[in-house]
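Number of protein chains: 2
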Amino acid sequence: MRVVEEQPRARDANATRARILAAAKSEFARLGLAGARVDEIARHACANKRMIYHYFGGKEDLFRAVLVEAYLDIRNAEQELELGHLPPREALERLVRFTWAYYLDNPEFITLVNSANLHRGKHLEKSERLRTASRRFVSMVQEILDRGVADGVFRPGIDPVQLNITIAAIGYYYLTNRFTGTILFERDFMEDKALEDRLAFNIDTVLRLVLA
Amino acid sequence: MRVVEEQPRARDANATRARILAAAKSEFARLGLAGARVDEIARHACANKRMIYHYFGGKEDLFRAVLVEAYLDIRNAEQELELGHLPPREALERLVRFTWAYYLDNPEFITLVNSANLHRGKHLEKSERLRTASRRFVSMVQEILDRGVADGVFRPGIDPVQLNITIAAIGYYYLTNRFTGTILFERDFMEDKALEDRLAFNIDTVLRLVLA
DNA sequence: TCAGTAACGCACTAGTTAGTTACTTCTTGC
DNA sequence: GCAAGAAGTAACTAACTAGTGCGTTACTGA
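Order-wise, the sequence lines are chains A and B.
The first sequence finishes on residue 212 if you use this note's numbering, and the numbering steps up by one all the way, no holes.
The second sequence finishes on residue 1212 if you use this note's numbering, and the numbering steps up by one all the way, no holes.
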């Protein structure tokens, strides 16, 4: 007769590593690098704290790993958009919608980026994978702009990096500062209607910026 | 014969309070609420740690005081712009330039706002002074928009709050994420030329958004 | 001038916190 | 089937950190 395994958890290095990374992402996003607690991360990961030091080295190295994963995730999602198949105007609108939806669906991403910048980017410096992914992304936007100019729907001379920054900015700022925004401007930034209005305003902003 | 006072510092409650507040602003901006150290704030303020608890209550109350002061500072500066005396288009351009310059000259403001939002705005909730100042600011922008529509230079129906958010966003995002931006996009975000280019791009963005 | 009060300072504490030591248990290549 | 290394655990530590108890010193008003 077989006895179902009970106490001694099945050993699985990859799964443990992944649980730690997920718990760390959540804790670092919620509390920042200094505010997050290694013991809490271990507890949420259902792992022993020792495993964090075993797999990642230390708190800062874990933070570094979380950041790299978060950036690779968004760049991969962007790549799956296949904007090359759409007419330039639709491609651009879709990019604005995607960026907005990604921030809404992955709120940890925004606070992690804020934390990375609070620490002056020192946890990102080495990663060549990220640079490659970013380069591919800028080329994608450049290609949309080129096609738009060729079709006569976009005006020429727009810097794809500046455009990217603006597309990110108008969504990011609204969401990251939603708490102070709600207090200062006395409206609920997260109401369905408010979110719809903001997305529409942002699409309008970007199209007016590029249309010929 | 008079002896020049030496060790026992001249007592000045206001000056000590102000030194603590200034040191706290700097430390909280640099390291966040969780990362800042009360002992370090006291040391930088050349004050005894006991005084922080005497004047402000505790670390979180000190953080609250820093935030309120930072917001009042920017709202006061905005008020001194006297945009009502300028033609609408010039007034709006001046507001974009001012916002950009303020973020550049007061980098602590941005990281403090980020910290306030990381903590879900709970350190701001009570302040009625801030709400009043914000209301006055929104009216100012509304008035510029109204004059622009009356003159036929701006299109009608623009929400002043959305416009405000966008004006802040396109400067704020560029500057707060300058470290990760510099790494990912492989250009120095803080070079003189880069800053000029960004400001020009932002003015263009806002004008294209509102012009009739 | 002097008592009362506000400003200031020292030294301490109770509780955390990142990181470690020393060990047991499981898995796998041979 | 077994040696060796990898996965996992518990208990510990040294350093730190927000907050305080309590005494001292300088103003100020009556």
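Glycine is no exception: its CB is placed at the ideal position from the N, C-alpha and C atoms.
**Message:** Since B:Tyr1173 and A:Tyr173 should fall inside the 8 Å C-beta cutoff, what is the C-beta to C-beta distance between them, to a whole number of angstroms?
**Reply:** As a position in the second sequence, residue 1173 of chain B is number 173, starting the count at 1. As a position in the first sequence, residue 173 of chain A is number 173, starting the count at 1. Their Cβ separation, rounded to whole angstroms, is 5 Å, which keeps B:Tyr1173 and A:Tyr173 in contact under 8 Å.
**B:Leu1175, DSSP secondary structure in three states** = Along the second sequence, one-based indexing puts residue 1175 of chain B at 175. It is helical.
**Prompt:** If we call anything under 8 Å between Cβ atoms a contact, is A:Val161 one with B:Phe1189?
**Reply:** The residue you call residue 161 of chain A lines up with position 161 of the first sequence. The residue you call residue 1189 of chain B lines up with position 189 of the second sequence. No. Outside cutoff.
**Request:** Could you name the residues that DSSP lists as bridge partners for A:Phe154?
**Result:** In the first sequence, counting from the first residue as 1, residue 154 of chain A sits at position 154. Answer is A:Leu211.
**Message:** Quick check on A:Ser115: does DSSP put it in helix, strand or coil?
**Reply:** On the first sequence, residue 115 of chain A is found 115 positions in, with the first residue counted as 1. If DSSP states are grouped into helix, strand and coil, A:Ser115 belongs with the helices.
**Message:** Since B:Asp1039 and B:Lys1049 should fall inside the 8 Å C-beta cutoff, what is the C-beta to C-beta distance between them, to a whole number of angstroms?
**Reply:** As a position in the second sequence, residue 1039 of chain B is number 39, starting the count at 1. As a position in the second sequence, residue 1049 of chain B is number 49, starting the count at 1. At roughly 6 Å, the Cβ-Cβ gap stays under 8 Å, so B:Asp1039 and B:Lys1049 are in contact.
**Asked** Within the 8 Å Cβ cut-off, does A:Thr205 reach chain B?
**Response** By 1-based counting over the first sequence, the position of residue 205 of chain A is 205. Yes, A:Thr205 lies at the interface with chain B (some Cβ there is under 8 Å from its Cβ).
**Prompt:** Nearest-angstrom Cα distance between A:Leu207 and A:Arg75?
**Reply:** Counted from its first residue, the first sequence places residue 207 of chain A at position 207. Counted from its first residue, the first sequence places residue 75 of chain A at position 75. Each residue's Cα considered, the two are about 23 Å apart.
**Message:** Here's a check: name, in chain order, each residue in its chain whose Cβ is nearer than 6 Å to the Cβ of A:Leu72, leaving out the five neighbours to either side.
**Reply:** Against the first sequence, residue 72 of chain A aligns to sequence position 72. Excluding sequence neighbours, A:Leu72 sits near nothing in its chain.
**Message:** So, at 6 Å on beta carbons, what are the nonlocal neighbours of B:Val1149 in its own chain, with the 5 sequence-adjacent residues on each side left out?
**Reply:** Walking along the second sequence from the start, residue 1149 of chain B turns up at place 149. So the list reads Pro1156, once near-sequence residues are dropped.
**Item:** Option nearest A:Arg89 by Cα separation, candidates A:Ile144, A:Gly32, A:Thr180
**Value:** Looking up residue 89 of chain A in the first sequence gives position 89. Nearest of A:Ile144, A:Gly32, A:Thr180 to A:Arg89, Cα basis: A:Ile144.
**Asked** Looking at C-alpha atoms only, which residue of B:Leu1067, B:Gly1057, B:Tyr1053 is the closest neighbour of B:Ala1022?
**Response** As a working note, residue 1022 of chain B is residue 22 in the second sequence. Among B:Leu1067, B:Gly1057, B:Tyr1053, the Cα nearest to that of B:Ala1022 belongs to B:Leu1067.
**Item:** B:Asn1048 (DSSP reduced to helix, strand or coil)
**Value:** Reading the second sequence from its first residue, position 48 is the one you call residue 1048 of chain B. Three-state DSSP puts B:Asn1048 in coil, outside helix and strand.
**Asked** According to DSSP, is B:Phe1137 helix, strand or coil?
**Response** Indexing the second sequence from 1 puts residue 1137 of chain B at position 137. Helix at B:Phe1137.
**Request:** Buried or exposed for A:Ala212, please, with buried defined as at least 16 other CB atoms from any protein chain shown within 10 angstroms of its CB.
**Result:** Stepping through the first sequence from its first residue, residue 212 of chain A is reached at position 212. Classification of A:Ala212: exposed, given that the 10 Å Cβ count is below 16.
**Message:** According to DSSP, simplified to helix, strand and coil, what is A:Lys25?
**Reply:** Here residue 25 of chain A refers to the residue found at position 25 of the first sequence. Here A:Lys25 sits in helix by DSSP.
**Simplified DSSP assignment, three categories, for A:Glu80** = The residue given as residue 80 of chain A occupies position 80 in the first sequence. Note: A:Glu80 maps to coil in three-state DSSP.
**Asked** Going along chain A, which residues have a C-beta under 9 Å from B:Arg1032?
**Response** Looking up residue 1032 of chain B in the second sequence gives position 32. The amino acid occupying residue 1032 of chain B in the given sequence is Gly; Arg does not appear at that position. Correct list: Gly32, Leu33, Ala34, Gly35, Ser115, Leu118.
**Message:** According to DSSP, is A:Arg198 part of a helix, a strand, or is it coil?
**Reply:** Locating residue 198 of chain A in the first sequence gives position 198, counting from the first residue. In this structure, A:Arg198 counts as helix in the three-state DSSP scheme.
**Message:** The alpha helix (DSSP H) that contains A:Pro88, what's its start and end?
**Reply:** Here residue 88 of chain A refers to the residue found at position 88 of the first sequence. That run of the alpha helix (DSSP H) goes 88-105.
**Prompt:** Run through DSSP, which three-state label would A:Leu124 get?
**Reply:** Taking the first residue of the first sequence as position 1, residue 124 of chain A is located at position 124. Coil.
**Request:** Return no unless some Cβ of chain B is closer than 8 Å to the Cβ of A:Glu186.
**Result:** In the first sequence, counting from the first residue as 1, residue 186 of chain A sits at position 186. A:Glu186 counts as touching chain B.
**Prompt:** Roughly how many whole angstroms lie between the Cα atoms of B:Gly1104 and B:Leu1175?
**Reply:** Here residue 1104 of chain B refers to the residue found at position 104 when the second sequence is read from its first residue. Here residue 1175 of chain B refers to the residue found at position 175 when the second sequence is read from its first residue. Correcting the residue type first, residue 1104 of chain B is Leu in the shown sequence and not Gly. So the two alpha carbons sit approximately 8 Å from each other.
**Prompt:** Whose C-beta lies closer than 7 Å to the C-beta of B:Ile1170 among residues of the same chain, with five residues either side of it excluded?
**Reply:** Numbered from its first residue, the second sequence carries residue 1170 of chain B at position 170. Once the five neighbours on either side are set aside, the close Cβ partners of B:Ile1170 are Asn1202, Thr1205.
**Prompt:** When the Cα atoms are used, what is the spatial distance from A:Ser127 to B:Ile1183?
**Reply:** By one-based count along the first sequence, residue 127 of chain A stands at place 127. By one-based count along the second sequence, residue 1183 of chain B stands at place 183. Using only the alpha carbons, I get a separation of about 9 Å.
**Prompt:** Within the 8 Å Cβ cut-off, does B:Arg1131 reach chain A?
**Reply:** Residue numbering aside, residue 1131 of chain B sits at position 131 when the second sequence is read from its first letter. Yes, contact with chain A.
**Request:** Using beta-carbon positions only, say whether A:Ala213 and A:Glu27 come within less than 8 Å of one another.
**Result:** Residue 213 of chain A lies beyond the stretch modelled for chain A, which goes from 1 to 212, so this question has no answer here.
**Message:** By the three-class DSSP mapping on this structure, what secondary structure does B:Glu1191 have?
**Reply:** Residue numbering aside, residue 1191 of chain B sits at position 191 when the second sequence is read from its first letter. Here B:Glu1191 sits in coil by DSSP.
**Asked** Under the rule that 16 or more other beta-carbon atoms within 10 Å means buried, what is B:Thr1132, buried or exposed?
**Response** Indexing the second sequence from 1 puts residue 1132 of chain B at position 132. Exposed.
**Request:** From the DSSP output, in three-state form, read off A:Gly181 for me.
**Result:** If you number the first sequence from 1, residue 181 of chain A lands on position 181. Of the three classes helix, strand and coil, the one that applies to A:Gly181 here is helix, per DSSP.
**Asked** Would you say B:Thr1099 and B:Ala1029 are within 8 Å of each other, going by their C-beta atoms?
**Response** What you label residue 1099 of chain B is simply residue 99 of the second sequence in a count that begins at 1. What you label residue 1029 of chain B is simply residue 29 of the second sequence in a count that begins at 1. Result no, Cβ atoms of B:Thr1099 and B:Ala1029 do not sit closer than 8 Å.
**Message:** Could you tell me the alpha carbon to alpha carbon distance between B:Asn1014 and A:Ser134, rounded to whole angstroms?
**Reply:** Along the second sequence, read from residue 1 onward, the residue named residue 1014 of chain B stands at position 14. Along the first sequence, read from residue 1 onward, the residue named residue 134 of chain A stands at position 134. Each residue's alpha carbon lies about 50 Å from the other.
**Prompt:** According to the Cβ coordinates, are A:Val113 and B:Thr1180 closer than 8 Å?
**Reply:** Indexing the first sequence from 1 puts residue 113 of chain A at position 113. Indexing the second sequence from 1 puts residue 1180 of chain B at position 180. Yes, the pair counts as a contact, with Cβ atoms nearer than the cut-off.
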